[in-house]
Amino acid sequence: METINNGRFLAFKGNNRFRSFVLFSILFGSCWPEFLMAQKDLKPVMDETAALLGDLGGSANKVQRASLTKEDERMVMISLTFAGFTDKSYKVRAYALNNRKEVMQEITPVEVEMPKSKQVDITLNLSEGGKTVSQKNIVSKFLLIRVQPVEGGLTGILESAVGDISLNGLDYVFELDKKWMLMGANVKLNVKLIPYKNAASISPG
Amino acid sequence: MKHHFCKIFVIFLLPCCLTAQVEKVAKMDTRYMKSTLAQDTFKNPARFLVLTDRISDYVTKPVTPPPAPPTAEELEREGPKGIETVEWKNFIGAEYPFPNSYPLVNIYYQMFGDANPKSGYYYYLPSSYNLKWSAVSGYSLFIKFLSSTSGNKGEATVTAELTPNISNKDLSMAGELLKANLMNKPAIPGVSVLSLVSAPLMGPPKVSINQISSFGIDPKDISVTRPSNLAEPITINWKMSNVENLMTALFENVGLSGNLFLQPAGQNMPEISIPFNLKLNDQNTFGKFELDPATWRTVPWINSAPYPVILKNVHVIKSMSSGTKALTVYTWQAGNIEVPPGAQASFDASSVPAWIDNNATIQRIWVEYDVNTCNYCDDKVQNNLIGGAKGTRSRKLTFDVFDPISYSGARMIKIKIRSVQADPNTRSKMDLPTLTVHADGITLEGGTIFVPEGSDPEFEYYLQLIMPDGTIYESDYWEVSKDPDTNIIGQALIKRLVKSFHK
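Sequences listed follow chains A and B, in order. Per the numbering used here: the first sequence = residues 17 to 221. Per the numbering used here: the second sequence = residues 99 to 601.
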């Protein structure tokens with residue numbers, strides 16, 4: 017029995033060898049272990065505070081490395097490696113900052129206790145509020161890592177009262193240039209339609 | 099008789115509102131309506147196009163005596179025979195350069211005439227099949243993991259619904275194109291009514307899957323249903339030994355593709371191969387985003403697809419009463435604006451004439467778009483596909499905390515948990531949220547694992563005792579558990595697991 021193909025299918029068949037190659041490459045590529053995937057180190061930003069309190073200040077306590085280990089359009093996972101911080105227990109807070117180095121409210125800050133291994137993974141997630149926006153993205157520029165001793169007393173009470181203000185913490189800033197995708201019904205975009213060639217002048221007849 | 103066809107006009111029988119119109123036509127000239135046609139029409143009017151030669155002229159004001167009407171036997175439908183080729187491009191006008199592969203009409207470019215030309219029947223086939231998706235129920239792709247007793251965790255059965263995406267509007271437009279095609283050909287004597295119906299099939303379609311060995315599919319393990327009507331979806335089912343490769347192909351946007359070989363019933367009918375594609379992130383899967391003429395200027399359009407889409411153009415397709423084209427497409431550019439999932443887009447359509455919103459010649463208004471890649475969206479889709487897969491059970495982990503705090507004197511105890519089954523795709527070992535114990539005598543929930551059918555639950559956990567002075571004692575190894583409900587955190591466990599801790 018004869019088999020008939022339509023034009024589209026012939027074009028499709030013509031690409032079969034290429035598709036096989038692509039499929040093979042992808043399936044073969046997926047077999048590589050994850051550790052072969054390169055992590056991206058975040059570049060430290062040496063502002064005045066960091067220079068005073070961080071490396072240039074001669075402190076043994078520092079964030080040795082901040083590596084971007086995983087990300088998608090609404091999340092980053094960052095692996096932090098600390099040096100020092102052996103004298104007492106510390107907690108680590110992470111914030112995403114905009115280009116004015118303000119904390120971005122849309123990205124939930126994270127707080128973890130610094131483990132004995134001095135290595136911790138943090139995940140920042142985008143969580144939109146209820147307000148309507150007319151853009152589909154927001155952009156972060158920096159990552160702020162704040163390390164503070166775990167302690168109660170007056171300092172702890174004051175910090176609880178004033179929120180994000182650090183009274184005795186150390187701040188470390190890294191570059192985190194990332195476009196975060198907003199989504200959901202609160203995103204309202206305007207689309208202006210432009211006639212293509214003679215479309216504007218069509219008539220019912 | 100050739101001029102006969104120049105005078106014909108089209109009546110579209112829509113399911114609800116136009117049934118009355120069919121009745122009217124039937125009453126006007128029942129001589130030309132076979133009983134079978136009338137029955138079929140009323141049974142499923144949506145699937146019919148009826149073209150008629152100005153029947154009212156015969157009934158109300160005949161100038162010359164009409165020819166003797168054909169007998170019922172002469173109009174009898176005998177089934178498909180021969181091919182009436184309709185090249186879409188020849189009869190669709192468009193200033194916008196659509197790619198050849200763009201499916202303006204989801205009907206196969208060739209139609210079959212009936213073995214009895216006087217019957218006026220034509221038979222259609224779909225132009226392609228794609229994975230069925232709806233905004234309400236998502237993808238019609240179901241993966242059921244099989245028992246892992248063979249040691250092969252990638253064994254699964256997969257069921258997918260493939261849809262030709264044929265709507266009443268597609269049939270209506272195909273009818274226009276068929277009419278235009280026939281106008282350029284010698285008329286068939288005695289034909290006054292044309293009907294476009296689904297081609298009957300000899301049997302279930304045969305299936306060919308591209309790169310089938312990569313997926314561990316034995317052709318013998320593929321089955322497919324025979325649709326009663328080719329406008330309806332078909333279901334394809336197969337067993338495979340390498341579901342991981344399928345998942346990789348789906349999420350790397352290669353997909354799974356192949357052909358369905360349809361054998362129409364009829365005289366000397368050729369087998370027709372129709373391509374199919376299973377892709378998650380593809381405009382053919384999501385189909386045309388049609389705009390409602392009554393509301394599209396005032397009510398924002400919502401991207402109900404699970405991926406961001408890039409709006410390229412808004413097209414309007416119009417029936418033409420004169421000229422060589424049966425249909426013409428007009429286009430407005432949408433500026434390639436990306437719309438994230440769930441987001442809304444309001445069209446400023448001031449440059450689009452208002453009359454198109456309520457004009458009977460407008461067949462369809464729709465948005466042409468590209469689908470963008472999105473890792474976040476992939477993860478969500480993946481979880482929905484596999485997490486909710488039939489046969490895969492989700493189990494919550496529970497930890498009962500007896501007396502570890504009072505026994506160890508720790509300020510807190512961290513319980514780290516991990517499992518391959520934390521990944522709904524069973525692809526890699528993943529961490530579940532770490533639990534923190536501050537007090538004895540409580541019960542904690544430790545997240546959810548996804549257990550493939552035939553497998554046992556399996557996960558591991560690890561303790562860290564954090565003392566008031568900051569000293570941390572850690573487990574010597576990960577404790578393996580197969581019981582999601584009974585996991586006791588007490589001094590016995592600490593003695594066994596955290597040997598470095600001495601009271």
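The C-beta atom is built at its ideal place from N, Cα and C for all residues, glycine as well.
Can you look up Asn-266/B in the DSSP assignment and give me helix, strand or coil? Residue state, collapsed to three classes: helix.
Quick check: what's the CA-CA separation for Lys-213/A versus Ser-449/B? Their Cα atoms are separated by approximately 12 Å.
When you compare each of Thr-422/B, Trp-576/B and Tyr-467/B to Arg-516/B by their alpha carbons, which one comes out closest? Ranking Thr-422/B, Trp-576/B and Tyr-467/B by Cα distance to Arg-516/B puts Trp-576/B first.
Name, please, each residue of chain B whose Cβ falls closer than 9 Å to the Cβ of Met-93/A. Among the residues of chain B, none has a CB under 9 Å from the CB of Met-93/A; the nearest is roughly 11 Å distant.
Buried or exposed: which applies to Val-234/B, given that a residue is buried once 16 or more other Cβ atoms fall within 10 Å of its Cβ? Per the 10 Å Cβ criterion, exposed.
Leaving aside the five residues before and after Pro-406/B along the sequence, list all residues of the same chain whose C-beta is less than 6 Å from its C-beta, in chain order. Glu-436, Pro-438, Asn-470 and Cys-472, listed in sequence order.
Classify Arg-594/B: buried if its beta carbon has 16 or more other beta carbons within 10 angstroms, exposed otherwise. Exposed.
What residues of chain B sit near Ala-201/A, judged by a beta carbon separation below 8 Å? Within chain B, Ile-400, Gly-440, Ala-441 and Gln-442 have C-beta atoms less than 8 Å from the C-beta of Ala-201/A, given in sequence order.
Beta-carbon separation of Ser-598/B and Tyr-560/B under 8 Å? Not a contact, by the Cβ cut-off of 8 Å.
Where Ser-339/B and Gln-381/B are concerned, what is the direct C-alpha to C-alpha distance, given to the nearest angstrom? Answer to the nearest angstrom: the Cα atoms are 29 Å apart.
Please state the DSSP three-state secondary structure of Val-479/B. It is helical.
Out of Phe-500/B, Val-479/B, Ala-170/B and Ile-415/B, which one is the CA nearest neighbour of Ala-458/B? Of all alpha-carbon atoms in Phe-500/B, Val-479/B, Ala-170/B and Ile-415/B, the one lying nearest the alpha-carbon of Ala-458/B is that of Ile-415/B.
Contacts that Glu-436/B makes with chain A (C-beta to C-beta distance below 7 Å): Simply Lys-152.
Cβ-based neighbour list, Leu-84/A, same chain, cut-off 7 Å, excluding 5 preceding and 5 following: Once the five neighbours on either side are set aside, the close Cβ partners of Leu-84/A are Gln-55, Lys-56, Leu-58, Val-92 and Ile-94.
Since Arg-109/A is in the alpha helix (DSSP H), which residue starts that stretch and which ends it? Arg-109/A -> not in any alpha helix (DSSP H); beta strand (DSSP E) instead, spanning 106-113.
Please check the pair Val-203/B and Met-281/B, which I expect to be a contact at CB under 8 Å, by giving their CB distance rounded to whole angstroms. The pair is not a contact, with the Cβ atoms about 18 Å apart (cut-off 8 Å).
Element boundaries [alpha helix (DSSP H), containing Lys-593/B]: Counting along the chain, the alpha helix (DSSP H) containing Lys-593/B begins and ends at 589-595.
Just checking: is the beta-carbon of Ser-83/A within a distance shorter than 8 Å of some beta-carbon in chain C? Going by chain labels, chain C is absent from the structure shown, which instead holds the protein chains A and B.
Pull the bridge partners of Thr-124/A from the DSSP assignment, please. Note: Thr-124/A sits in a beta bridge opposite Asn-141/A.
Tell me which residues of the stretch 187-218 of chain A have at least one Cβ-Cβ distance to chain B shorter than 9 Å, keeping chain order. Cβ contacts with chain B come from Met-197, Leu-198, Met-199, Gly-200, Ala-201, Asn-202, Val-203, Lys-204, Leu-205, Asn-206, Val-207, Lys-208, Leu-209, Ile-210, Pro-211, Tyr-212, Lys-213, Asn-214, Ala-215, Ala-216, Ser-217 and Ile-218.
Flag this pair as yes or no: are the beta carbons of Asp-468/B and Ile-408/B separated by less than 8 Å? Going by C-beta atoms, Asp-468/B is nearer than 8 Å to Ile-408/B.
Drop a sphere of 10 angstroms on the beta-carbon of Arg-462/B, count the other beta-carbons inside from all chains shown, and report buried for 16 or more, exposed for fewer. With 16 or more other Cβ atoms within 10 Å, it is buried.
Lys-134/A CB to nearest chain B CB: under 8 Å? Not a single C-beta of chain B is nearer than 8 Å to the C-beta of Lys-134/A.
Taking only beta-carbon atoms, is Glu-89/A less than 8 Å away from chain B? When Cβ-Cβ separations below 8 Å define contact, Glu-89/A makes contact with chain B.
Starting from Gly-191/B, follow its DSSP beta bridges and name the residues at the other end. For Gly-191/B, which the question treats as bridged, DSSP gives the partners Thr-426/B.
Measure the CB-CB distance between Pro-531/B and Gly-545/B and report whether it falls below 8 Å. Contact flag set, yes.
Throw me the rounded Cβ distance for the Asn-351/B and Lys-377/B pair, which I believe falls under 8 Å. Yes, Asn-351/B and Lys-377/B are in contact; Cβ-Cβ is about 7 Å, under 8 Å.
Name the residue from Gly-440/B, Met-565/B, Glu-172/B and Met-300/B whose alpha carbon lies nearest to the alpha carbon of Asn-202/A. Measuring from the Cα of Asn-202/A, the nearest candidate turns out to be Gly-440/B.
May I ask you to list the residues that DSSP assigns as paired with His-413/B? Answer is Thr-429/B and Trp-464/B, bridged to His-413/B.
Beta carbon proximity, Ile-570/B to chain A, threshold 8 Å: The C-beta of Ile-570/B comes closer than 8 Å to at least one C-beta of chain A.
Would you mind sorting Arg-90/A into buried or exposed? The rule is 16 or more other CB atoms within 10 Å of its CB. By the beta-carbon neighbour count (other beta carbons within 10 angstroms, threshold 16), Arg-90/A is buried.
Please list, in chain order, the chain B residues whose beta carbon lies closer than 8 Å to that of Lys-78/A. Ordered by position in chain B, no residue passes the 8 Å Cβ test against Lys-78/A, which lies about 19 Å from the chain.
Beta-carbon separation (whole angstroms), Leu-113/A vs Lys-157/A, contact threshold 8 Å: Between Lys-157/A and Leu-113/A the Cβ distance is about 6 Å, and since that is below 8 Å, they are a contact.
So within the stretch 318-350 of chain B, which uninterrupted alpha helix (DSSP H) runs reach at least 4 residues, ignoring any that extend past its ends? 341-349, all fully within the stretch 318-350 of chain B.
Since Lys-104/A meets chain B, which of its residues come closer than 8 Å, beta carbon to beta carbon? Correct list: Gly-568.
Less than 8 Å between CB atoms is the rule here; does Pro-125/A satisfy it with respect to chain B? Contact of Pro-125/A with chain B is not assigned, every C-beta pair being separated by 8 Å or more.
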